[in-house]
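J.: Just passing along the structure, written as structure tokens.
Protein chains: 2
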Amino acid sequence: MTKQRVIVFNTVKALGSHPTAFEIFERVRKELPGVSLSTVYRNLSILVDQGDILTVRGIGQEVHYDHNLHDHYHVQCRICGKVSDIHTDFIIPSCINPNNEEGYIIEDMLITLIGVCPECANRMKVEDEDA
Amino acid sequence: MTKQRVIVFNTVKALGSHPTAFEIFERVRKELPGVSLSTVYRNLSILVDQGDILTVRGIGQEVHYDHNLHDHYHVQCRICGKVSDIHTDFIIPSCINPNNEEGYIIEDMLITLIGVCPECANRMKVEDEDA
DNA sequence: CATTATATTCGGAATAGTTCCGATTACGAA
DNA sequence: TTCGTAATCGGAACTATTCCGAATATAATG
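These protein sequence lines are chains A and B, in that order. For the first sequence, this note's numbering begins at 1 and goes up steadily by one. For the second sequence, this note's numbering begins at 1 and goes up steadily by one.
Have a look at this one:
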């Protein structure tokens with residue numbers, strides 16, 4: 001754990017939301033002005049490999065990072081791209097059946113809900129009324 | 001439906017697998033040598049908007065395209081990136097409960113399993129034996 | 001403490017996937 | 001045929017990420 005790695009890790013935790021690498025970089029920079037983007041990327045990748053943080057993917061090509069290792073799910077706004085945790089009562093299988101005709105060794109399951117966040121929904125409503 | 005759009009659509013169907021935009025471009029090119037990559041991208045995007053094809057996302061940043069509109073799920077090999085349909089008997093909720101504390105309007109659900117395909121699993125086994 | 005080895009950092013260049021844009025071309029309606 | 005709209009081509013631009021070489025920090029050893 002180098003100084004930079006600790007700060008990257010703490011920043012992911014501090015931001016709480018589901019920041020992208022660049023958002024983490026911008027925040028780390030405040031504490032460590034000379035840090036480079038590649039250092040942030042490398043340390044994020046090490047932290048993911050070590051299981052200290054998780055990645056979240058949605059639509060769009062950026063990866064989001066999550067410090068919450070507990071079993072939970074995400075929703076992404078298709079308008080603004082924001083990722084949030086989601087609390088709803090529908091059931092997602094927490095156990096993956098490894099048997100499949102295709103012969104894959106299944107290791108993980110990416111699940112992200114897609115929708116519109118309250119802020120964007122509201123903004124769209126206001127814009128409709130104005131028009 | 002322009003000539004190019006029809007060919008892009010037919011190519012996605014013909015390829016059957018879950019090709020990336022570039023793979024589609026390379027195949028379309030054989031039939032339409034002067035086609036540009038941007039034309040392929042634009043038409044893929046229009047076909048997606050019209051609901052004629054679907055996108056599949058996994059790890060990595062490329063988008064895969066799928067002509068199969070029926071309800072089914074995908075698995076991606078984390079080694080080679082290949083995407084396949086998956087037939088297994090675990091249960092995925094087909095109906096999304098729209099109620100959630102966060103107030104999102106939920107519209108869709110991205111699900112992709114991640115694992116190792118039989119070919120890569122075998123190749124890794126052989127390499128281990130050699131070493 | 002000095003020395004050496006190893007790992008990490010910085011900075012920028014390179015890459016990959018995708019989108020955008022201006023100029024040209026095809027298509028349809030009048 | 002003419003005009004207007006939409007689509008195409010080609011390449012530049014953009015975004016996210018990875019890679020690489022040189023410099024620096026860290027740790028272990030004598």
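Glycine included, each C-beta is placed from N, C-alpha and C at the ideal position.
Which residues of chain B have a Cβ atom closer than 9 Å to the Cβ of Cys117/A, listed in chain order?
T.: Residues of chain B passing the Cβ test: Glu102, Gly103, Tyr104, Ile105.
J.: Taking 8 Å as the cut-off, does the segment 27 to 39 of chain B touch the segment 62 to 80 of chain B (at least 3 CB pairs, one atom from each stretch)?
T.: The segment 62 to 80 of chain B is not in contact with the segment 27 to 39 of chain B.
J.: Are there three or more Cβ pairs, one per stretch, closer than 8 Å when the segment 109 to 123 of chain A is compared with the segment 35 to 54 of chain B?
T.: No, the segment 109 to 123 of chain A does not touch the segment 35 to 54 of chain B.
J.: Would you check if the distance between the CB atom of Val8/A and the CB atom of Val56/A is smaller than 8 Å?
T.: Not in contact: Val8/A and Val56/A (Cβ atoms no closer than 8 Å).
J.: Chain A beta carbons: is any one of them nearer than 8 Å to that of Ala121/B?
T.: Cβ-Cβ to chain A under 8 Å: yes for Ala121/B.
J.: In the structure shown, what three-state DSSP assignment does Leu15/B receive?
T.: Correct three-state label for Leu15/B: helix.
J.: Kindly say whether Ser84/B, judged by its beta-carbon, lies nearer than 8 Å to any beta-carbon of chain A.
T.: For Ser84/B, the answer is yes, since a Cβ of chain A falls inside 8 Å of its Cβ.
J.: Return the chain-ordered ranges of every beta strand (DSSP E) run that is complete within the segment 22 to 88 of chain A and spans a minimum of 3 residues.
T.: Counting only runs of 3 or more, we get 54 to 56, 64 to 66, 73 to 77, 83 to 86.
J.: Near Thr20/B, which residues of its chain fall below 8 Å by C-beta distance, leaving aside the five closest residues on each side in sequence?
T.: Once the five neighbours on either side are set aside, the close Cβ partners of Thr20/B are Glu62, Val63, His64, Tyr65.
J.: According to DSSP, Ile111/A sits in a beta bridge with which residue or residues?
T.: Per DSSP, Ile111/B.
J.: Quick check on the DSSP output: the alpha helix (DSSP H) that includes Asn122/B runs from which residue to which?
T.: Asn122/B -> alpha helix (DSSP H) spans 118 to 130.
J.: Just the Cα atoms here: how many angstroms apart are Asp108/B and Met1/A?
T.: One C-alpha to the other measures close to 39 Å.
J.: Give every residue of the same chain whose Cβ lies closer than 6 Å to the Cβ of Ser84/B, excluding the five residues on either side of it in the sequence, and list them in chain order.
T.: So the list reads Val75, once near-sequence residues are dropped.
J.: Quick one: Cα of Met124/B to Cα of Tyr104/A, how far?
T.: Distance between the alpha carbons of Met124/B and Tyr104/A: 14 Å.
J.: Quick check on Cys77/B: buried or exposed, where buried means 16 or more other Cβ atoms within 10 Å of its Cβ?
T.: Buried, since its Cβ has 16 or more Cβ neighbours within 10 Å.
J.: Tell me, please, which residues DSSP counts as bridged to Thr20/B.
T.: Answer by DSSP bridge pairing, in chain order: His64/B.
J.: Straight-line CA distance for Ile106/B to Ile111/A?
T.: Computed Cα separation, rounded: 13 Å.
J.: Between Glu102/A and His87/B, how many whole angstroms is the CB-CB distance? I'm expecting something under 8 Å.
T.: Correct: roughly 7 Å between the Cβ atoms.
J.: Are any of the Cβ atoms in chain B nearer than 8 Å to that of Leu110/A?
T.: Closer than 8 Å: yes.
J.: Of all Cβ atoms in chain A, is any one closer than 8 Å to the Cβ of Gly58/B?
T.: Gly58/B counts as touching chain A.
J.: Does any residue of chain B bring its CB to less than 8 Å from the CB of His67/A?
T.: His67/A does not count as touching chain B.
J.: State yes or no: is the C-beta of Leu15/A within less than 8 Å of the C-beta of Phe25/A?
T.: It is not a contact, given that the beta carbons lie outside the stated cut-off.
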